[in-house]
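Heads up: the structure comes next, in structure tokens.
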Amino acid sequence: MTRAVCHIVAAAPVPLDPFELGEGELLIAADGGYAACLEAGLQPAELIGDFDSLEGGVPAQAGCPVTVLPRAKDDTDLMLCVQRALELGARTLHMHRVLGGDLGHTLAAAKVLLWLREQGAWGVLSGAGQALVALVPADGLVDLAAWAPPACRCESGGLHAGVRVSVFAAGGDARGVVERGLAWELEGATLRASDHLGVSNEARDPHPLVGVGEGALLVVIG
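Just so we're aligned, residue 1343 is where the sequence shown starts under this note's numbering, counting upward by one.
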């Protein structure tokens, strides 16, 4: 069975923001994310990790298939969970409890987003009340409210006024950058890889739009 949407719960030392597991959606726990799943009343379909962050190590009865990874490896537990999700047919990946922890792992996770776009898939990282997405030209204009963490959204589904939005070029210069519905807007702009022009913008419209014509963007919401 293939599942188009997958949720991965990782092991950053932050609370698990509430999320809905839709019918037919896959849930994978990455190492210490297993404990967070159980605390939230969620049973993962798979548990994958090197078990350096789950108290007690490999659980004797996990209630799901367990993949034990070596601690000396070239990829993070998160990346290997993402690869497994793609094997199972996932094309949209929600990765929870990723932001708010170790900076090295956070930067590596941002690279996972860019790698997913190269595979034609989509991912969003969340944690500590923030979300991070990668945008490429094929996306067109993206409604940021659709990918914002719950605390940033009002009951109607749009962003609260003043929610922080930061936009950065990723992997080189980004051209044709569009930012609409934010306090400071851009239209066809170029953001160099070394620019910090896009930091700490604010939502003005409940459904701000961001896009890029050439290159890639990393967008922080919250």
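For each residue, glycine too, the CB sits at the ideal point set by N, CA and C. As the structure is a prediction and not an experimental result, all values here were calculated from the model.
What's the call for residue i, buried or exposed, on a 16-neighbour Cβ count within 10 Å?
{"i": "A1414", "result": "exposed"}
{"i": "L1445", "result": "exposed"}
{"i": "V1507", "result": "buried"}
{"i": "R1534", "result": "exposed"}
{"i": "M1343", "result": "Unreliable positioning characterises M1343 in this predicted model, as indicated by a pLDDT of 45, which lies under 50. The coordinate reading is nonetheless provided below. Per the 10 Å Cβ criterion, exposed."}
{"i": "C1423", "result": "buried"}
Leaving out five residues before and five after residue i in sequence, what residues of the same chain have Cβ atoms less than 6 Å from its Cβ?
{"i": "A1382", "result": "L1358"}
{"i": "A1371", "result": "V1351, C1379, P1386, L1389"}
{"i": "A1346", "result": "R1433"}
In the structure shown, what three-state DSSP assignment does residue i receive?
{"i": "M1343", "result": "Residue placement at M1343 is poorly supported in this model, since its pLDDT is 45, which falls under 50; the coordinates are not used for a value here."}
{"i": "Q1385", "result": "coil"}
{"i": "L1441", "result": "coil"}
{"i": "A1488", "result": "helix"}
{"i": "L1474", "result": "strand"}
{"i": "E1367", "result": "coil"}
{"i": "G1553", "result": "strand"}
Take residue i as the anchor and find which of the options has the nearest alpha-carbon.
{"i": "I1416", "options": "R1433, D1392, T1434, P1407", "result": "This sequence places Asp at residue 1416; Ile is not what is there. When each option's Cα is compared against that of D1416, the closest is D1392."}
{"i": "D1537", "options": "E1556, D1547, A1511, R1517", "result": "A1511"}
{"i": "L1467", "options": "T1434, R1517, A1346", "result": "T1434"}
{"i": "G1405", "options": "L1474, A1354, T1418, Y1376", "result": "Y1376"}
{"i": "E1460", "options": "R1495, L1528, L1428, G1530", "result": "L1428"}
{"i": "L1539", "options": "W1526, R1546, L1551", "result": "W1526"}
{"i": "G1398", "options": "G1374, L1384, P1412, L1411", "result": "G1374"}
{"i": "G1553", "options": "A1476, E1367, N1543, H1438", "result": "A1476"}
Ignore the nearest five residues each way along the sequence and tell me which others in residue i's own chain have a CB closer than 8 Å to its CB.
{"i": "S1498", "result": "P1548"}
For residue i, is the beta carbon positioned less than 6 Å from some heavy atom of the ligand ZN?
{"i": "P1386", "result": "With respect to the ligand ZN, the structure offers nothing, as it holds no ligand at all."}
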